[in-house]
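Report on the structure given below.
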Amino acid sequence: MLYRTAGQFKTSYIADQALFPVKQDAFLLGIILALAWIVFPLTASEFTFQTLLIPILIYALAAMGLNILTGFAGQLSLGTGAFMGVGAYACYKMVTLFPWMNPIVAILLSGVFSAGIGVAFGIPSLRIKGFYLAIATLAAQFFLVWLFEKWSWLYNYNASGAIQVPNLEMFGVFVSGPQAASVTEYYIVLFVVTLLTLLCINLTRGNLGRTWKATRDMDIAAELIGINLMKSKLTAFAVSSYVVGVAGALYVFMWKGAAEPNVFDIPLSFQVLFIAIIGGLGSIMGNYLGAILIVGLPVVLNVIAGTQVFQMSALGAAVLVALAAAVAFLGWVARSGWTVGAVAGFVVLTLIYGYAQTQGFRIDSALIEHINVMIIGGLIIFFLIIEPHGLNQLWRLIREKLIIWPFPH
Amino acid sequence: MKHFTKLAIAAALGTVLGTAAVAQELYTPNLAYRTGPFAATGIPLMNGQADYMTLLNERDGGVGGVRINAEECETGYSTEKGVECYEKTKGTAIVTQPWSTGITLQVLPKTNVDEIPILAPGYGFSPMADGKVFQWAFNMPAGYWDAADMIIQYLEGEGGSLSGKKIAFLHLDHPFGKEPLPVLEMHAAGKGFELLPIPVGLKEMQNQSAQWLQIRRERPDYVVMWGWGAMNAGAITEAVKTKFPMENFIGVWWAGHDADLKLVGDDGKGYKSISWSFPNPDAPVMKQVKEMVFDKGLSQSNEEEMQGVFYGRGLVMSAILAEGIKNAQENFGTGQIDATQLRWGLENINLTEERIVELGLEGMVPPFSTSCGNHTGHSGGWMLEWDGAKFVKASDLLKPNVDAYADLIATSAAEYATSNAPWAMNEECSATN
């Protein structure tokens, strides 16, 4: 129907191996880009920029960096948070030491430092694999956060031990710091994220990406067919840490505005890892879907729960119906008894929640928070049960089904 | 037709009443943390704050006839959630109460652009005292540097000269814990005692055996603690275990939580905590809260919690905010004040002894006053001592010697302004205030 591929003939190998062999994919991407570049900036409020758009993009970028290492090259890492910290501190030192430096250049350069540190901590991967490597990267996590605390030169000997983003100008416009407008920050984040996504897509489709995948799938076989494992693993660490470092610089400079060392502690690493896993390891788009689920959804739920009762009845009902429909649709895609049960449970829960809201049942802020945590947790379990390979795989299945629709096979 | 007219009138009336009802309230959101790792200490504070505002709404119909909407936005002490809450509430809020040091750090520069007063009673950045630079930030009645100064004064008053003595400074390795270091270092140099900073990492809060081993080895005369959350209970139980003399162990006001000391009971006897608030059970406000809020089921608190230091402190915090609102309303002649007007109100708080009695807060907060140049008030505080079952006052009112570190406040504030240039300052405020 929407995805009918009839009539799209490939007459050359180049056309067959293009980024979007199906025309509708390119079309869909065009819509998404138009939304991101034109519609959102024109319509979004300050709140939407600061709590949804900017953080989702930054987390998606960080997850993409991790996905290159873990999803494409198969090297498990628990040090993402610390590598983000390296990027952030490098950027901070650069803009304070060289105030004339262009902020975007500083952000893009800060990744170079984290790439260097990433390669250094990636060296153990030449000898050890799997969980053992995860422990080695955990060492990076602890060591780097300790370093951020103890090495006062990194935070310019501030009494508080935290880094504070100064107001940075570019062509007479404030791009970072408290004076910067959210829309400016958003465009910079969007520009950097678009640029790096393009880079990652092409890297993973190219020669280097195939080397990584071979290393991931079976390193001995890869070595036998002539792949230099050292080069493959270390380039994966370098590229991954570069992207993660840039994400870290954006995280502090374009979003948070200030950061103390423990911001980059292990919970951040886990959050990014969860985004990558739920989005789908070994995919680019999954990172965005994962970030929307893990970063965006709690904010949306909070807003819905916080609206007044009378607004709730209209808006809330619409959202609940939409959620239930989406879940039912996913259930149709996955088709199993399990799913039907999960869908039923989810629908019942949301209805109870919605009913309590419309009845003006007094929900205080802490209870909302607890319910949100439960809903998010439930959704994560739900998505992982219906599709263990993540949201990206789910989308791929939906797309396949739509292409051959109305035939089942 | 008649029917239709009636309906239209009803609708119009409803709209008018509706808008009037919406307009007649002052929105003072609180970025609360009733969940997360620090919830145990947060809940009594939040309950105290909320209950005082409920009392005002119940007893007086708000402040100046306008009801207070002190809605909470849950942060779980997480910086990200805190910023989310700030963005969500700043549209209609006349004040923001950020709570965690991490959230304060991020919100502080934003409030200067958004022009919303930030009220951080007894926490935040000590140089916020300089109201000329931090024109939107308030941390009355006392800052961390005041606390450090008062503790040193108290130690001198008790044990004589500090020269040649050794003071261990056990602190959370976090911006909050490092905050008093400049003043302590200054005193160490001036009074000739040895200062031994012992940091406790966020991950080691509950297990401080390494730190207390160091304390046992170094044998300091006193231990001064800047702790929060689980760190306090950890330190106090560890001190009991290592048999450190409790009377030589002094904490900041956030390290004086009743529940932490109930864990050790009589063994904690003698432990002290400097505080700018005291839960005086005989104060009229306490009785009124009990009658008009608690007994009506409008409170989330319980009897035991309401006796505690932190609950009483929550009441005082809201009382300070309400006083600022009242000042602004009287000065500008309007009930519905905005953020800028509230800033004026908070800059002109004059809590005299008489005013404190009038508010029914006898003995719960020391008198203090603020001005455009002094956003802290430097009220001073009492040394509270754990008697095995509750905290009691162990000293008269201690006043910090602010002159000793006035220069430090000015230079730190100026440094902050330079590194955040362009930073809007209050140029009208004369330097003499």
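In order, the protein sequences belong to chains A and B. Under the working numbering, the first residue of the first sequence carries the number -9, and numbering increases by one thereafter. Under the working numbering, the first residue of the second sequence carries the number 4, and numbering increases by one thereafter. From the three backbone atoms N, C-alpha and C, an ideal C-beta is built for every residue, glycine too. Note that the structure is predicted; figures quoted are calculated from it, not measured.
Assignment of Asp133 of chain B by DSSP, reduced to helix, strand and coil, places it in the strand class.
In the three-state DSSP reduction, Asn330 of chain B falls in the helix class (H, G or I). Note that the C-beta distance between Ile352 of chain B and Ala132 of chain B is not below 7 Å. Rounded to the nearest whole angstrom, the CA to CA distance from Val360 of chain B to Ile323 of chain B is 14 Å. Within the region 102 to 115 of chain B, Gly105, Leu108, Gln109, Pro112, Lys113, Asn115 place their CB atoms closer than 7 Å to a CB of chain A, listed in sequence order. Taken through DSSP and simplified to helix, strand or coil, Ala248 of chain A comes out as strand. The C-beta of Thr(-5) of chain A comes no closer than 7 Å to any C-beta of chain B. Of all residues in the region 166 to 200 of chain B, those with a C-beta nearer than 8 Å to a C-beta of chain A are Asp176, His177, Pro178, Lys181, Glu182, Leu184, Pro185, reading in chain order.
The continuous beta strand (DSSP E) containing Ala171 of chain B extends over residues 169 to 175. Classified as exposed, Ser142 of chain A has fewer than 16 neighbouring CB atoms from the shown chains inside 10 Å of its CB.
Contact between Leu34 of chain B and Thr78 of chain B holds, since their C-beta atoms are separated by about 5 Å, short of 8 Å. Residues of chain A whose Cβ lies closer than 8 Å to the Cβ of Pro425 of chain B are, in chain order, Asn157, Gln169.
Under the DSSP assignment, Val110 of chain B falls in the alpha helix (DSSP H) whose first and last residues are 104 to 117. Relative to the Cα of Leu128 of chain A, the nearest Cα in the group A:Phe30, A:Leu185, A:Ser115 belongs to A:Ser115. Following the DSSP letters along the chain, one finds Met275 of chain A inside the alpha helix (DSSP H) bounded by residues 275 to 281.
In this structure, Trp215 of chain B lies near Glu241 of chain B, with their beta-carbon atoms less than 7 Å apart. Residues of the same chain with a CB within less than 7 Å of the CB of Gly366 of chain B, apart from the 5 flanking positions on each side, are Phe281, Asn283, Ala286 in chain order.
Judged by their CB atoms, Phe138 of chain A and Pro251 of chain A are nearer to each other than the 7 Å cut-off. Selection B:His260, B:Pro124, B:Gly67, B:Leu401 evaluated against Glu307 of chain B yields B:His260 as nearest (Cα-Cα). Taken in chain order, the complete alpha helix (DSSP H) segments of 4 residues or longer contained in the region 250 to 284 of chain B are 261 to 265. When DSSP reads this structure, Leu158 of chain A sits in a beta bridge with A:Ser166. If you look at Asn72 of chain B, you'll find it in the beta strand (DSSP E) that goes 70 to 72. Asn252 of chain A has a beta carbon lying within less than 7 Å of a beta carbon in chain B.
Taking the CA atoms as reference points, Ala238 of chain B sits about 8 Å from Gln209 of chain B. Annotated three-state conformation of Leu354 of chain B is strand, per DSSP. Its chain contains Gly77, Ala78, Cys81, Ile97, Ser100 as the residues whose beta carbon lies nearer than 6 Å to that of Ala239 of chain A, once the 5 sequence neighbours on both sides are disregarded; these appear in chain order. Leaving aside the five residues that flank Met143 of chain B on each side, the residues in its chain whose CB is nearer than 6 Å to its CB run, in chain order, Thr373, Thr379, Gly380. Leu224 of chain A and Gln217 of chain B have their alpha carbons spaced roughly 42 Å apart. For a cut-off of 8 Å, the C-beta gap from Thr104 of chain B to Phe41 of chain B is around 11 Å, too long to register as a contact. Within 7 Å of the CB of His360 of chain A, the CB atoms of chain B belong to Thr38, in sequence order along the chain. Nearest CB-CB separation between Glu207 of chain B and chain A: not below the 7 Å threshold. Taking Leu42 of chain A as the centre and dropping the five residues before and after it, the same chain places the C-beta of Gly286, Val289 closer than 7 Å to its C-beta, in chain order. Cβ proximity to chain A below 8 Å picks out Glu74, Glu75, Cys76, Glu77, Gly79, Thr82, Glu83, Val86, Glu87 from the region 66 to 87 of chain B. Using a C-beta cut-off of 8 Å, the region 399 to 406 of chain B makes contact with the region 146 to 156 of chain B, since at least three inter-stretch Cβ pairs fall below that distance.
Taking 7 Å as the CB threshold, Lys299 of chain B stays off the interface with chain A.
Under the three-state reduction of DSSP output, Ala72 of chain A falls in the helix class.
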